[in-house]
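Report on the structure given below.
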Amino acid sequence: MSTSLTTNNPPYEVEELPGVLRLYSDGSIVRSFKPLLDVPVNDDGSIVWKEVLFDTTKNLYLRLYKPVSTLINTKLPIFYYIPGGGFCIGMGMWPNFQNDCFRLASELQAIVIAPDYRLALEHRLPAAIEDVYTAVKWLKDQAVSENPDAWLNDVADFGRVFISGDFAGTNIAHNLAVLLGAGSEKLTPVRVRGYVLMEPFFGGTILTKAEAEGSKEAQLNLEFIDKFWKLSIPVEATKDHPMVNPFGPDIPLMETLELDPILVVVGSSDLLKDRVEEYASKLKARGKKIKYIEYENKQHDFFTLDPYCEASINFMQATKKFIAENSF
């Protein structure tokens, strides 16, 4: 804008996510791309990785991670890892996300796929869900291609795909589970076998007990959660929108939805613990195949902040078991 009004009345800040994003009255946005966690990349050479452009129109990339071990004699499962950040922040190349992918590929002995997606406020939901769905359909294209990506051609088991993520990434995973339904027939010959939801990001207009009492942890507070939703959901929507609240008033009856198995993980000190536990218990009551694990005294993001604590080690073991139990 270059009008005299703009000159005489400079833009003023109307919204802020401290340290990462500022929205001004003229609609302009200033954001920092500096990683929130200052951690070194733990690349020990056991995993190779590369970037692949999966959406040429939106210029979106995904990263492929695979073990370099020459002892591999069977095809590997495919494990999607969708980075989090409240739909407003986060980049797949941040060191903390890179480290998660290295570890998942190594310990699960899987091909890990970490897709980027467009961020709010510039791109409100359902943009992120649509982008990750495009990244999953990219895998279908590889499965039917006469010339698939060389990293997938020899070792990828397209019939054993699992979709996971962290925080907002698991919200996307949940919405994909609903979209694809049990059996993921829309992706044939790709077969999604299950979903691993780590600290899923859900909301609602009615606060849970933990949300009402306030945060007991350092990583997450209600102010940040509310701003994430305010900046990311459709303008006229509330926190009971189906993309936000899986059991809100406008959601289709869960009883009629067929879902693939779901593993849900959360720390007992996570501000969203009550909401996550409710999600798992309601799905179980409706006959869905769901396993819920709660780690005592663990805060939000414990797997990244303390990757080799007892809870993080147990999470990896539980994920390996979940993959093994749902691979056939």
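Start counting the sequence shown at 1; every next residue gets the next number (the UniProt record's numbering).
Virtual Cβ for every residue (Gly too), placed ideally from N, Cα, C.
Note that this is a predicted model, so its numbers are computed, not measured.
(message) So, at 8 angstroms on beta carbons, what are the nonlocal neighbours of V155 in its own chain, with the 5 sequence-adjacent residues on each side left out?
(response) To locate residue 155, count along the sequence shown from 1; it is residue 155. So the qualifying residues of the chain are K66, I72, K75, L76, I111.
(message) Please classify M1 as buried or exposed, where buried requires at least 16 other C-beta atoms within 10 Å of its C-beta.
(response) Taking the sequence shown and counting its residues from 1, one reaches residue 1 at position 1. The predicted position of M1 is uncertain, since its pLDDT is 38 and thus under 50; no value can be drawn from it.
(request) Compute the distance between the beta-carbons of L181 and E258, then report whether it is under 8 angstroms. (result) Residue 181 sits at position 181 when you count from the first residue of the sequence shown. Residue 258 sits at position 258 when you count from the first residue of the sequence shown. A small correction: the amino acid at residue 181 is Gly; Leu does not occupy that position in the sequence shown. Yes, these two residues count as a Cβ contact at 8 angstroms.
(message) Using a Cβ distance threshold of 8 angstroms, determine whether the region 263–271 contacts the region 288–302, with at least three qualifying pairs required.
(response) The region 263–271 is in contact with the region 288–302.
(request) Could you pull the start and end residues of the alpha helix (DSSP H) that K209 belongs to? (result) Stepping through the sequence shown from its first residue, residue 209 is reached at position 209. Element bounds for K209: 209–213.
(request) Output the distance between the C-alpha atoms of L207 and Y279, rounded to the nearest integer angstrom. (result) Here the question's residue 207 lines up with position 207 in the sequence shown. Here the question's residue 279 lines up with position 279 in the sequence shown. Cα to Cα, the separation comes out at about 14 angstroms.
(request) Note down, in chain order, each residue of its chain lying with its Cβ closer than 6 angstroms to the Cβ of A177, except the 5 sequence neighbours on either side. (result) The residue you call residue 177 lines up with position 177 of the sequence shown. These residues qualify, in order along the chain: Y195, L259.
(message) With three or more C-beta pairs closer than 8 angstroms as the rule, is the region 24–34 touching the region 77–84?
(response) Verdict: no, contact absent.
(message) Quick check on G203: does DSSP put it in helix, strand or coil?
(response) One-based indexing of the sequence shown puts residue 203 at position 203. If DSSP states are grouped into helix, strand and coil, G203 belongs with coil.
(request) Using beta-carbon positions only, say whether residue 332 and F158 come within less than 8 angstroms of one another. (result) With the chain covering only 1 through 328, there is no way to say anything about residue 332.
(request) Apply the 10 Å Cβ neighbour rule to D306 and answer buried if 16 or more other Cβ atoms are within range, or exposed otherwise. (result) Taking the sequence shown and counting its residues from 1, one reaches residue 306 at position 306. With fewer than 16 Cβ atoms within 10 Å of its Cβ, D306 is classed as exposed.
(request) Please classify D55: does DSSP put it in a helix, a strand, or coil? (result) Looking up residue 55 in the sequence shown gives position 55. DSSP places D55 in strand when its eight states are reduced to three.
(request) In angstroms with no decimal places, state the Cα-to-Cα distance between L121 and I129. (result) Taking the sequence shown and counting its residues from 1, the one referred to as residue 121 is at position 121. Taking the sequence shown and counting its residues from 1, the one referred to as residue 129 is at position 129. When the Cα atoms are used, L121 and I129 turn out to be separated by approximately 14 angstroms.
(message) For a quick check, are the C-beta atoms of P115 and V132 less than 8 angstroms apart?
(response) Taking the sequence shown and counting its residues from 1, the one referred to as residue 115 is at position 115. Taking the sequence shown and counting its residues from 1, the one referred to as residue 132 is at position 132. Yes. Within cutoff.
(request) Indicate the three-state DSSP secondary structure (helix, strand or coil) for R193 in the structure shown. (result) By 1-based counting over the sequence shown, the position of residue 193 is 193. Strand at R193.
(request) May I ask you to verify whether the region 305–323 touches the region 98–113, counting CB pairs closer than 8 angstroms and requiring at least 3? (result) yes
(message) Taking only three categories from DSSP, how would you classify D116?
(response) Working through the sequence shown from its first residue, we reach residue 116 at position 116. Reduced to three states, the DSSP call for D116 is coil.
(message) At the 8 angstroms Cβ level, is S281 part of the contact set with chain C, yes or no?
(response) In summary, chain C is missing from the structure at hand, where a single protein chain is found.
(request) Please name the residue in R124, G92, I323 whose C-alpha comes closest to that of V235. (result) Residue mapping note: residue 235 aligns to position 235 of the sequence shown, counting from 1. Ranking the options by Cα distance to V235, first place goes to R124.
(message) Check for me: the beta strand (DSSP E) holding F79 runs from which residue to which?
(response) Mapped onto the sequence shown, residue 79 falls at position 79. First-last of the beta strand (DSSP E) with F79: 76–82.
(message) Please state the DSSP three-state secondary structure of K227.
(response) Within the sequence shown, residue 227 is the residue found at index 227, counting from 1. K227 falls in the helix class under three-state DSSP.
(request) Tell whether a beta-carbon distance below 8 angstroms holds between P249 and K289. (result) Here residue 249 corresponds to residue number 249 of the sequence shown, with the count starting at 1. Here residue 289 corresponds to residue number 289 of the sequence shown, with the count starting at 1. No, the Cβ-Cβ distance between P249 and K289 is not below 8 angstroms.
(request) For N314, count neighbouring C-beta atoms within 10 Å of its own C-beta (all shown protein chains included) and say buried if the count is 16 or more, exposed if not. (result) Along the sequence shown, one-based indexing puts residue 314 at 314. Exposed.
(request) Go through its chain and collect everything with a Cβ distance to I323's Cβ below 7 angstroms, but skip five positions before and after it. (result) Numbered from its first residue, the sequence shown carries residue 323 at position 323. Scanning its chain for C-beta atoms nearer than 7 angstroms, with the 5 sequence neighbours on each side dropped, one finds around I323 the residues P77, L108, F162, in chain order.
(request) Confirm, please, whether the CB-CB distance from L197 to V264 is below 8 angstroms. (result) Start at 1 with the first residue of the sequence shown, and residue 264 comes out as number 264. Start at 1 with the first residue of the sequence shown, and residue 197 comes out as number 197. Cβ atoms of V264 and L197: closer than 8 angstroms.
(message) Suppose contacts are defined by Cβ-Cβ distances below 8 angstroms. Is G86 in contact with S281 by that definition?
(response) Taking the first residue of the sequence shown as position 1, residue 86 is located at position 86. Taking the first residue of the sequence shown as position 1, residue 281 is located at position 281. No, the Cβ-Cβ distance between G86 and S281 is not below 8 angstroms.
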